[in-house]
Amino acid sequence: MKIYYKKNFISGVVCLLLGVLNPLTCLFVTGWDRFTWKDGWLSIALVLAGMQMLLRSLDPTAARKDLTEDLDERNRLIELRSQAASYRLLFRLVLAGIVICMLGYGISRQEAFVHALLPLLLLYLAAGIARLVTLLRYEQTT
Numbered sequence: 006m007k008i009y010y011k012k013n014f015i016s017g018v019v020c021l022l023l024g025v026l027n028p029l030t031c032l033f034v035t036g037w038d039r040f041t042w043k044d045g046w047l048s049i050a051l052v053l054a055g056m057q058m059l060l061r062s063l064d065p066t067a068a069r070k071d072l073t074e075d076l077d078e079r080n081r082l083i084e085l086r087s088q089a090a091s092y093r094l095l096f097r098l099v100l101a102g103i104v105i106c107m108l109g110y111g112i113s114r115q116e117a118f119v120h121a122l123l124p125l126l127l128l129y130l131a132a133g134i135a136r137l138v139t140l141l142r143y144e145q146t147t
């Protein structure tokens, strides 16, 4: 048995493990009274998706089809554009949170706004550093 597409194989194993561990966690940790029908459907869906991905990663024709679909230029462009749009959106949301916390502290002088502001500033700093590093990297490679 040969694995033809490792990405699908690993994703299938993870989905299968999550689908099996969900009921086991409810059985041994929290008790069956916490296991609802939603957990049951989620477990069934995860097990079925994991089995499908495992079987597709072991079939050479399905694995080749999945690989060509993943490497398709249009799909890669869509993925890159959606990642860039989500990054810009999160960057702006963090910036809006910073402004709201500053205004809230300026108006009310409550320290809770400062405590909420510090993680937002760290996120903004990390995003700025990541943007600078990627910009420099792509400037050098192009």
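Mapping of the sequence shown onto this note's numbering: residues 6 to 147, in sequence order. Backbone N, C-alpha and C fix where the C-beta goes; we use that ideal spot for every residue, glycine too.
If you draw a 10 Å sphere on the C-beta of Arg86, you find fewer than 16 other C-beta atoms in it, and that means exposed. Phe40 has its alpha-carbon roughly 11 Å from the corresponding atom of Val34. The alpha-carbon separation between Phe14 and Leu95 amounts to approximately 31 Å.
For the options Tyr10, Tyr110 and Ile134, the alpha carbon positioned closest to that of Glu74 is the one of Tyr10. Remark: fewer than three beta-carbon pairs, one from each stretch, lie closer than 8 Å, so the stretch 92 to 108 and the stretch 61 to 71 are not flagged as touching.
In this structure, the CA atom of Tyr110 is about 7 Å from the CA atom of Val119.
Residues of the same chain with a CB within less than 8 Å of the CB of Leu59, apart from the 5 flanking positions on each side, are Asn13, Phe14, Gly17, Val18 and Leu21 in chain order. For Thr139, the closest C-alpha among the options Leu108, Met107, Leu82 and Tyr92 is that of Tyr92.
Taking the C-beta atoms as reference points, Asn27 is found no nearer than 8 Å to Leu53.
Residue state for Gly133 is assigned as helix, using DSSP reduced to three classes.
In this model, Trp37 and Ala50 are separated by some 19 Å (Cα to Cα).
Following the DSSP letters along the chain, one finds Val99 inside the alpha helix (DSSP H) bounded by residues Glu78 to Ser113.
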